[in-house]
Structure formats: C-alpha cells, structure tokens
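Working notes for the structure below.
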Amino acid sequence: MTSIFDDKRYDFLGVPVDALASDEALELVRELARDAEPSHVLFLNVDVMVKADKNPALKDAIAHCDLSLMDGKPPLKVAQKRGIPLPEKVSGSDFVPAVCAMAEREGFSVFILGGKDGVPEMARDNLVAEHPGLKVVGAYSPMFGFEKDSAELEKINKMLVEAKPDILLACLSCPKQEIFVEGNRDIYRAPVSISCGATVDFLAGNVQRAPEWVSRAGIEWLYRFLKEPKRLFRRYFIDSWHFLAMCFKRSAQ
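Counting in our numbering, the sequence shown runs from 9 upward without gaps.
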C-alpha cells in the first residue's frame, strides 16, 4: 500500500529502519489495519540487529517488513550520528499498549500469540480490564518448537484464519516471531502483525517496566539485566561487541 511515510525509510547497518515518531507510527498502524493486505511491524534493537547479521532468514524478514521501528537507545544514537533522522526511540512495550488503545477506539480486533502457558490469557484479561471495548478474539501459547512442527503451524494458522483478527500481537521471541510472520502472514491474512516479543509479559504483569526516568536516561537495558542477569548476560555483554564490530565494519566500507 502507499503510505504518507514512504520517504522516511533508511538503511541502517544492512536493515531498514523507518524514521517515525511514535504518533506517526501509530497513525500508520491504523492505516495498515484498515487495509486488506497483510502487513508486518517490528522493532529493532542491538539484539535483533546482531541476530539479523547472523541469520539470513531474519534479515530477509526485516527487509520485507512494512514498518521497522528503533527500540534501543544505543543504536538510535549511532543511527543519528550517521545522519539518519530518527526522532525518538519507539519502545514495543510502550507502543503496543498504545496500539491496543487505538484498536479499542477504532473497533479493531486483536489476537495475542505467544508467551508461556497462561501468559497470553493473563495479558488478554489485563487489556480487557483496561480497555473494556477492546475485542480480543484469541490468546494462545504455542508449543515449544512450534516453528519446526508443521501440525502446530497449521493449527496456529487455522486458529488465526477463524478468529480473523485485525491486529496480531506475535510475542514469540526473536527471530521466531519475525520469521513466522513473514512466512505465514499471507496464509492467516491479518491486516497487521506486530512482532513484539516480551511485550506479552509486560501486558500480563509478569515483568515490571523500568521507571520512566530510567528509560529516559537510556539505561533500561541495565534495569532489565539486573532483573534477569542469567538470561540477558549474553545479549548485553557479548552481543554488544558484535554490534560494535558491525558499526566499525560499515564505517570502513
């Protein structure tokens, strides 16, 4: 589809990023949700970009997405220094709740896919409590290894086809969610699919957001690491070096 934001896409270290503020991106999602063609919205951060540098399928999924938003202060600053006019960090954990509020106003339906057993249902209940008019037409936690199980993939696609959501929240972790959406969106045909990872845990209340001042200071990564050091050590203290190497490599070209 043609969008008023088509001229705001830039290449950043080999993947596309859209230079949109949160309100502009929300308007585009509203526009996409009204369109009949399946679209894909995703978020970039150091973890996603490092994985894309190592995983051709993920890099291809990002290349074909309809909206790519920068969700990370370090890559935001690097991109800005390279002349890409990114106006702000657009966090998935902030943006998705705004999408759900917009969906309530506009009458769009939502399906929550992903999270551990019981988590998508908790997220659904919390969303409906906050937005009584929001239509949540499904909540499902796929089995472990679903991406390699044809029967489970068929089950998910059938579930989505029958539910007919306007907006799918694909909370399956990177790179599974991006690759799943890219490979299946033309089957289940939701107008908007948003790859948004751990957002389901924030919606469910299992994980607390960092205080606003921490996010503004650009150290939300440190807050999250202190909460989950074992799980996030590699992301923040090993993959960060790979990201720096990507930056230096591009600078030398």
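The beta-carbon is built from N, C-alpha and C at its ideal position, and this holds for glycine as well.
Provide the residue span of the beta strand (DSSP E) that contains residue i, from first to last.
i: Asp26; result: 23-26
i: Ala178; result: 175-179
i: Arg17; result: 17-20
i: Leu34; result: Where Leu34 is concerned, there is no enclosing beta strand (DSSP E), although the alpha helix (DSSP H) it sits in stretches over 30-41.
i: Leu77; result: 75-78
Excluding sequence positions up to five away, which residues of its chain have a Cβ less than 7 Å from the Cβ of residue i?
i: Ile12; result: Note that Ile12 scores 48 on pLDDT, short of 50, meaning its location in the model is unreliable; the coordinates nonetheless yield the value given after this. No residues qualify anywhere along the chain.
i: Gln261; result: With a pLDDT of only 48 at Gln261, under the threshold of 50, the placement of this residue in the model should not be trusted, and no figure is reported.
i: Glu112; result: His139, Gly141, Leu142
i: Asn63; result: Pro183
i: Val86; result: Cys255
According to DSSP, is residue i helix, strand or coil?
i: Ile120; result: strand
i: Met9; result: Since pLDDT at Met9 reaches only 43, below the 50 mark, its modelled position is unreliable, and no value is offered.
i: Gly146; result: strand
i: Ile187; result: helix
i: Ile202; result: strand
i: Ser47; result: strand
i: Gln261; result: Note that Gln261 scores 48 on pLDDT, short of 50, meaning its location in the model is unreliable and no value can be drawn from it.
i: Asn192; result: helix
i: Leu66; result: helix
i: Cys255; result: helix
i: Glu155; result: helix
By Cβ distance, which residues of its chain are closer than 8 Å to residue i, with the 5 residues on each side in sequence left out?
i: Cys182; result: Asp55, Val56, Lys59, Leu66, Ser203, Gly205
i: Met110; result: Leu34, Val37, Arg38, Phe116
i: Ile92; result: Tyr18, Phe20, Val25, Ala27
i: Pro128; result: Ile120, Leu121, Gly122, Ala147, Tyr148, Ser149, Cys179, Val208, Ala212
Looking only at its chain, what residues have a beta carbon closer than 6 Å to the beta carbon of residue i, apart from the 5 residues adjacent to it on each side?
i: Phe119; result: Val145, Gly146, Ala171, Pro173, Leu176
i: Asp102; result: none
i: Leu161; result: none
i: Ile195; result: Asn165
i: His250; result: Val58
i: Ser201; result: His48, Leu176, Ala178, Val189, Arg193
i: Phe84; result: The sequence as given places Leu at residue 84; Phe does not occur at that position. Result list for Leu84: Met78, Leu94, Lys97, in chain order.
i: Thr10; result: The predicted model places Thr10 with a pLDDT of 43, which falls under 50 and marks its position as unreliable, so this point remains unresolved.
Do you know whose CA, among the options, lies nearest residue i's CA?
i: Asp74; options: Asp43, Ala253, Pro82, Asn53; result: Asp43
i: Asp15; options: Ala198, Leu94, Glu155, Gly213; result: Leu94
i: Val136; options: Ala212, Ala253, His250, His72; result: Ala212
i: Asp61; options: Gly80, Gly22, Ala159, Ser201; result: Gly22
i: Ala69; options: His48, Lys97, Lys89; result: His48
i: Pro46; options: Leu168, Gly126, Gly153, Asp133; result: Leu168
i: Leu252; options: Pro82, His72, Glu186; result: Pro82
i: Ser248; options: Glu32, Gly80, Asp31, Ser76; result: Gly80
i: Phe271; options: Ser76, Gly126, Gln185, Asp133; result: As shown, the chain starts at 9 and ends at 261. That puts residue 271 outside it, with no answer to give.
i: Ile187; options: Asp31, Lys156, Lys89; result: Lys156
Specify, as a first and last residue, the run of the alpha helix (DSSP H) that residue i falls within.
i: Lys163; result: 158-171
i: Met57; result: 54-62
i: Met130; result: 127-138
i: Glu114; result: 100-114
i: Phe210; result: 207-212
i: Lys85; result: 81-89
Check whether the Cβ atoms of residue i and residue j lie closer than 7 Å to each other.
i: Gly123; j: Ser99; result: no
i: Met78; j: Leu50; result: no
i: Val208; j: Ala106; result: no
i: Glu96; j: Ala29; result: yes
i: Pro199; j: Ala41; result: yes
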